[in-house]
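Residue numbers (the numbering used here), protein chains in the order written: chain A, 1 to 204; chain Z, 1001 to 1204. Even glycine gets a Cβ: it sits at the ideal position worked out from N, Cα and C. Step one of this worksheet: look at the structure below.
Number of protein chains: 2
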Amino acid sequence: MVELAETAPRQLRAHARRNRDRILAVARDAFANRNGDISLNEVARRAGVGTGTLFRHFPNRDALLEALMHDRTEALCTEAERLLGVPADDAGSALFEWLTDLVDHVAAYQGVSAVLLAEQDADSALHAACHAVDQAATSLLRRAQQTGAVRADLAPDELISLIGAISWVKEQAPDRDAHVRALLTVMIDGLRTSPPRTRSASAR
Amino acid sequence: MVELAETAPRQLRAHARRNRDRILAVARDAFANRNGDISLNEVARRAGVGTGTLFRHFPNRDALLEALMHDRTEALCTEAERLLGVPADDAGSALFEWLTDLVDHVAAYQGVSAVLLAEQDADSALHAACHAVDQAATSLLRRAQQTGAVRADLAPDELISLIGAISWVKEQAPDRDAHVRALLTVMIDGLRTSPPRTRSASAR
DNA sequence: ACCTGAACACCGTTCAAGT
DNA sequence: ACCTGAACACCGTTCAAGT
Chain A
1 MVELAETAPR QLRAHARRNR DRILAVARDA FANRNGDISL NEVARRAGVG
51 TGTLFRHFPN RDALLEALMH DRTEALCTEA ERLLGVPADD AGSALFEWLT
101 DLVDHVAAYQ GVSAVLLAEQ DADSALHAAC HAVDQAATSL LRRAQQTGAV
151 RADLAPDELI SLIGAISWVK EQAPDRDAHV RALLTVMIDG LRTSPPRTRS
201 ASAR
Chain Z
1001 MVELAETAPR QLRAHARRNR DRILAVARDA FANRNGDISL NEVARRAGVG
1051 TGTLFRHFPN RDALLEALMH DRTEALCTEA ERLLGVPADD AGSALFEWLT
1101 DLVDHVAAYQ GVSAVLLAEQ DADSALHAAC HAVDQAATSL LRRAQQTGAV
1151 RADLAPDELI SLIGAISWVK EQAPDRDAHV RALLTVMIDG LRTSPPRTRS
1201 ASAR
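See below:
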């Protein structure tokens, strides 16, 4: 009897998890950036669950996005960890390589770049994930700056904004890879530039 | 009697024009980027007109935005005309100065940077305005490239995307002037860089 | 413990009815 | 010729009712 009392909820949980997975599968396909946007109700409908079910699993769109992106976010963070161990001479290209991956990641789903820019009081899970990415970017940037590969007058949040901006462009035109790569090239060249032009310290 | 027949519609038109102006006044204030977003119905309510009235004057949000921005857009285009006459040595700084103004202009109202990026079949008036800006930017860019002030491997639509991207950041954080100026600095330094790094011609 | 689906407040947009 | 405001189809979100 004790086992039965355990079994029943376990089956329920299995059912619940199946619902969760079906929602994620539908959302992964429907939110993918080339496929245009879709309402959350429509996601629920396609997944064959009630609207309420979707909203209990994922209280808002951000939560759903975070779940969709979770694994790749983690992979990106561990990759950053690895790149921090690279020889000092490669600190610059390590940063640039990682930023290129980051742009792809952020641009994968609609609306993520906007979350990246908003340094909101991180209540949502997606904000937390963005914060982890921030940390990784900051470490890679600092190292690249210390080795002289990247201009010293660039703050971490400025780098994040630059990445968010380019990710947003990719979000708007997901099929124009060459275009986005060109923007990245310009930006990276701008990062390499040593700053002879003085920026007013008071403005910081 | 002939005069009366003319007078009556003229009064109507005056009334209509007053309505139009009240809508614009409300929208100008409510759509200004620090003031957050507002629904079109709410604009109509605040202007004291019916929803239908608003939608006949401005068939969609873009039309309303275009009307709001029209004068400044024109000013920007004539300014570009003037800057094209500047000595060749100043062609680079002329471009950079103008781009800085453009960012302020595009970021003034929510959603304009997205329109700038979308090279849609220009049905809306706002698209037409963006196209005029495109033309001006292209001319200034070409001249700056010919004088060697700006890297030659940059296409006009790539420049527009870069500007749109930075405008979008400003749109997201309208009160962070120093931040946005830093991004512009990086971008402009990237534009100045001559391209020793070869970009694959096949990708273009 | 989990799910359903009607319901709510809102959005942009349309259109019959008025003057 | 111009305006009004109810109406429509939609959105994200909630919640009473079910199993």
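Query - N- and C-terminal bounds of the alpha helix (DSSP H) containing Z/Arg1080 - result: Checking the sequence, you will find Ala at residue 1080 of chain Z rather than Arg. For Z/Ala1080, the uninterrupted alpha helix (DSSP H) segment begins and ends at Arg1061 to Leu1083.
**Report entry** Buried or exposed (CB count within 10 angstroms, at least 16 for buried), Z/Thr1078
**Finding:** The residue in question, Z/Thr1078, is exposed, as its Cβ has fewer than 16 Cβ neighbours within 10 Å.
Query - Environment of A/Ser113 [buried if 16+ CB atoms lie within 10 Å] - result: Under this definition A/Ser113 is a buried residue.
Report task. Kindly say whether Z/Thr1100, judged by its beta-carbon, lies nearer than 8 Å to any beta-carbon of chain A. Result -> Using beta-carbon distances, Z/Thr1100 does not count as an interface residue toward chain A, since no partner is under 8 Å.
Query - Distance between Z/Phe1055 and A/Thr100 (C-alpha atoms, nearest Å) - result: Within the model, the alpha-carbon separation for A/Thr100 versus Z/Phe1055 is close to 43 Å.
**Report entry** Option nearest A/Arg22 by Cα separation, candidates A/Leu117, A/Ile166 and A/Ala67
**Finding:** Among A/Leu117, A/Ile166 and A/Ala67, the Cα nearest to that of A/Arg22 is on A/Ala67.
**Report entry** 8 Å Cβ cutoff, A/Gly190 in contact with chain Z
**Finding:** Closer than 8 Å: yes.
**Report entry** Straight-line Cα distance separating Z/His1070 from Z/Arg1197
**Finding:** Residue placement at Z/Arg1197 is flagged as unreliable, the pLDDT there being 49, under the threshold of 50; the coordinate-derived value follows with that caveat. Using only the alpha carbons, I get a separation of about 41 Å.
**Report entry** Secondary structure of A/Ala152, DSSP reduced to three states
**Finding:** Here A/Ala152 sits in coil by DSSP.
Query raised in the report: So, using beta-carbon positions, are Z/Ala1118 and A/Gln172 closer together than 8 Å?
Result: The answer is yes: Cβ separation under 8 Å.
Requested in this report: Within its chain, find whatever has a CB closer than 7 Å to the CB of A/Leu83; leave out the 5 residues flanking it on each side and keep chain order.
Outcome: Excluding residues within five positions, the ones whose Cβ falls inside 7 Å are Ala94, Trp98 and Leu140.
Requested in this report: Flag A/Ala91 as yes when its Cβ comes closer than 7 Å to any non-hydrogen atom of the ligand MN, and as no otherwise.
Outcome: With respect to the ligand MN, the structure shown offers nothing to examine, as it has no ligands at all.
**Report entry** Chain-order list of residues whose beta-carbon lies under 6 Å from that of A/Phe96 (same chain, five-residue window excluded)
**Finding:** A distance below 6 Å between beta-carbons, with the five flanking residues on each side excluded, links A/Phe96 to the following residues of its chain, in chain order: Ile188.
Query raised in the report: If you draw a straight line from the alpha carbon of Z/Leu988 to that of Z/Leu1116, how long is it in whole angstroms?
Result: Beyond the ends of chain Z as shown, which are 1001 and 1204, falls residue 988 of chain Z; an answer cannot be given.
Query raised in the report: Does any CB atom of chain Z fall closer than 8 Å to the CB of A/Leu14?
Result: For the sequence presented, residue 14 of chain A should be read as Ala rather than Leu. With respect to chain Z, the C-beta atom of A/Ala14 has no partner C-beta closer than 8 Å.
Query raised in the report: According to the neighbour-count rule (16 or more other Cβ atoms, all chains shown, within 10 Å of its Cβ), is Z/His1057 buried or exposed?
Result: Z/His1057 comes out buried.
Query raised in the report: Thinking C-alpha only, which one of Z/His1015, Z/Gly1036, Z/Val1186 and Z/Trp1168 is nearest Z/Asp1104?
Result: When each option's Cα is compared against that of Z/Asp1104, the closest is Z/Trp1168.
Query raised in the report: Pick from Z/Gly1092, Z/Val1043, Z/Asn1033 and Z/Gly1036: whose alpha carbon is nearest that of Z/Thr1138?
Result: Considering only alpha carbons, the answer is Z/Gly1092.
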